[in-house]
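Reminder that position 185 of the sequence shown reads as 185 in full-length UniProt numbering, one-by-one numbering, no gaps.
The block underneath contains the structure these notes are about, expressed in structure tokens.
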Amino acid sequence: KILRRGHMNTRKMEKNQMTKKIKKKHQSLRPLKKKDPDDCNILEYHGTNIRQSDLTSLEGENWINDCIISFWLEHLQRVTFCQNTQLLFVSPATTQLIKIGDKKDIPNILNHLGAWHMEYIFFPVNDNELVDKSEGSHWSLLVYSKNDHTWYHLDSQRGLNNKHARCLMTRVNAIMEGETPPKFVVTNCTQQDNGYDCGAFTMLHAQEMAKKSCRETTP
1 KILRRGHMNT RKMEKNQMTK KIKKKHQSLR PLKKKDPDDC NILEYHGTNI
51 RQSDLTSLEG ENWINDCIIS FWLEHLQRVT FCQNTQLLFV SPATTQLIKI
101 GDKKDIPNIL NHLGAWHMEY IFFPVNDNEL VDKSEGSHWS LLVYSKNDHT
151 WYHLDSQRGL NNKHARCLMT RVNAIMEGET PPKFVVTNCT QQDNGYDCGA
201 FTMLHAQEMA KKSCRETTP
């Protein structure tokens, strides 16, 4: 099963449009607050800007925010699993755009990512249902396996994000080729024992699932 390709002669224009939309969605995921002159950028990593306030989300009982998750997935893509070209880690902002953005944009987004070439695609799912507001409170991981023709959902609060994972799955399924839609499997995974570590577990599950995927794709 593969994703349909977009028109190649419009790809450059579509790429620019998608970049603008993803940046806008990234901004909408983040809490709205007054600018702090001391909250400066401390790292720019392949399009992900980490500010001092983002590091605060790693402390104590804070919720890890989308910038930290985006950085982690980018690092998995470019460093940890750079030798495996069959894995695709999708950013939180792009995942949210696919989940609740304009449906007609989805083929272009996935084409831009080169998703049809990948054996495994990793999506960090947030429960925010609003397009332009930061209201989400839970993260989980949804992984598509082309080889198994299956979606695997890993939720550290088992079942809490099923609705949102299924919403994302349904939207991607709609542009897949083939008569039989992929299965949806709720996957056993490590569970959090508090109300704030869902982001950390989502990052951990992404790394562990990628390790498993690498073993399965190695000849």
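For every residue, glycine included, the Cβ atom is placed at its ideal position computed from N, Cα and C.
Everything numeric in this text was worked out from a predicted model, so none of it was measured.
Residue of the options minimising C-alpha distance to residue i
{"i": "Ala-174", "options": "Cys-189, Met-118, Leu-110, His-46", "result": "Leu-110"}
{"i": "Gly-178", "options": "Ile-42, Glu-44, Thr-85, Lys-146", "result": "Lys-146"}
{"i": "Ile-106", "options": "Arg-171, Glu-135, Asn-161, Trp-72", "result": "Arg-171"}
{"i": "Ala-115", "options": "Gly-136, Glu-135, Thr-85, Arg-51", "result": "Thr-85"}
{"i": "Cys-167", "options": "Asn-49, Arg-215, Ile-50, Gly-101", "result": "Gly-101"}
{"i": "Lys-103", "options": "Phe-122, Gln-52, Met-169", "result": "Met-169"}
Length of the line joining the Cα atoms of residue i and residue j
{"i": "Gln-207", "j": "Ala-200", "result": "11 Å"}
{"i": "Asn-126", "j": "Leu-113", "result": "20 Å"}
{"i": "Met-209", "j": "Phe-89", "result": "11 Å"}
{"i": "Glu-74", "j": "Gln-157", "result": "24 Å"}
{"i": "Met-118", "j": "Val-143", "result": "12 Å"}
{"i": "Gln-27", "j": "Ile-42", "result": "Residue placement at Gln-27 is poorly supported in this model, since its pLDDT is 47, which falls under 50; the coordinates still yield a value, given next. Going from the Cα of Gln-27 to the Cα of Ile-42 covers about 18 Å."}
{"i": "Gln-83", "j": "Thr-48", "result": "22 Å"}
{"i": "Phe-122", "j": "Met-176", "result": "16 Å"}
{"i": "Lys-212", "j": "Asn-108", "result": "29 Å"}
Neighbourhood of residue i by C-beta, 6 Å cutoff - its chain only, sequence neighbours within 5 removed
{"i": "Pro-182", "result": "His-149, Thr-150, Trp-151"}
{"i": "Ile-64", "result": "Ser-57, Gly-199, Ala-200"}
{"i": "Gln-77", "result": "Phe-89"}
Within 8 Å, strictly: CB atoms of residue i and residue j
{"i": "Thr-95", "j": "Pro-124", "result": "yes"}
{"i": "Ile-98", "j": "Met-203", "result": "no"}
{"i": "Pro-92", "j": "Asp-66", "result": "yes"}
{"i": "Leu-87", "j": "Tyr-120", "result": "yes"}
{"i": "Val-186", "j": "Asn-162", "result": "yes"}
{"i": "His-205", "j": "Leu-160", "result": "no"}
{"i": "Ala-165", "j": "Ser-137", "result": "no"}
Nonlocal neighbours in the same chain, by C-beta distance under 7 Å from residue i, ignoring five residues either side
{"i": "Trp-72", "result": "Met-203"}
{"i": "Cys-214", "result": "Phe-81, Asn-84"}
Close-in-space but distant-in-sequence residues of the same chain around residue i (CB under 8 Å, 5 per side omitted)
{"i": "Asn-62", "result": "Thr-56, Tyr-196"}
{"i": "Glu-135", "result": "Asn-128, Glu-129"}
{"i": "Ile-50", "result": "Asn-41, Ile-42, Leu-43, Glu-44, Cys-67, Ile-68, Phe-71"}
{"i": "Asn-194", "result": "Glu-61"}
{"i": "Thr-180", "result": "His-149"}
{"i": "Thr-216", "result": "Reading the sequence as shown, one finds Glu at residue 216 and not Thr. Contacts found: Asn-147."}
Would you call the stretch 177-192 and the stretch 45-59 touching, i.e. three or more CB-CB distances under 8 Å? As far as the Cβ criterion goes, the stretch 177-192 does not touch the stretch 45-59, which means the pair count is below three.
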